[in-house]
Amino acid sequence: MLKALYRKLEEERKCILYEGASGYVFGEGNPHSPVVFVGEAPGEEEDQQKRPFVGRAGRYLNQKLEEVGLRREEIYITNVVKSRPPGNRKPTAKEMQTCLPYLRKEIEIINPRLIVCLGATALEGILGKSMPITKHRGAFFDYPYDRRIRVFLTYHPAYILRNPGAEDEFVEDLKRIKQFLSGS
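Under numbering that gives the first Met the number 0, think of the first position of the sequence shown as 0, with each following residue one higher.
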């Protein structure tokens, strides 16, 4: 079903960032995962390799996931927008709106127990409203399109690379995610 969604996205080309990018970067990972990690947008390396979270921030995320007992192969990871914004800038609200139906369908197909928003932009895409990460990091929310799914907010790994003082909080968040998935 995910492949059909990706084909539809390729055919329709409704995500307006597609025109300036070299194509789409679809989500990847376990399609039966109980958790979906959602980032903001593909970066330069992701755009080149057509895979999410393969650059420096992705490698850092993989390392921290391993440290808390989660493996990249066990999770599903995607982005709010599926094409790289020019200059690696934050996607605009309009750009996010054109891609959100595909993200929602992706989540519907996977049907996870938990959506982990990596950063405030991802949270805005998932919940439909902007909230300061400093105030809401580590909080759980209801997913507005399916109340059985919980949403959790943590830092984007790129933020941690720029602000190493927040690493302990990020690792604690990953431990909480692992605990949630373990049912305890």
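No residue lacks a Cβ here, since even glycine has one placed at the ideal position from N, Cα and C. Please read these numbers as outputs of a predicted model, since none were measured by experiment.
8 Å Cβ cutoff met for residue i and residue j
i    : j    : result
Y154 : R136 : yes
V67  : A40  : no
E94  : N29  : no
L126 : F151 : no
K63  : F169 : yes
T97  : K7   : no
Y75  : I109 : yes
S88  : D46  : According to the sequence provided, residue 88 is Arg. The question's Ser does not apply to it. No, the pair does not count as a contact, with Cβ atoms beyond the cut-off.
Distance, residue j Cα to residue i Cα
i    : j    : result
V34  : R149 : 10 Å
R146 : P85  : 35 Å
F36  : I106 : 10 Å
G26  : K49  : 9 Å
T91  : G57  : 22 Å
L60  : R161 : 14 Å
L69  : A20  : 32 Å
CB contact check: residue i to chain B, cutoff 8 Å
i   : result
G57 : Looking for chain B here will not work: only one protein chain is present.
Nearest-angstrom beta carbon gap, residue j and residue i [assumed within contact, 8 Å]
i    : j   : result
G124 : L99 : 6 Å
T77  : P51 : 6 Å
### Query
Which runs of the beta strand (DSSP E) spanning at least 3 residues fall entirely within the stretch 23–96, listed in chain order?
Secondary structure in the stretch 23–96: the beta strand (DSSP E) runs of 3 residues or longer, each lying completely within the stretch, are 34–38 and 75–78 in chain order.
### Task
Any chance you could list the alpha helix (DSSP H) runs of at least 4 consecutive residues sitting entirely within the stretch 118–177, in chain order?
As far as the stretch 118–177 is concerned, its whole alpha helix (DSSP H) runs of at least 4 residues are 119–126, 132–135 and 156–161.
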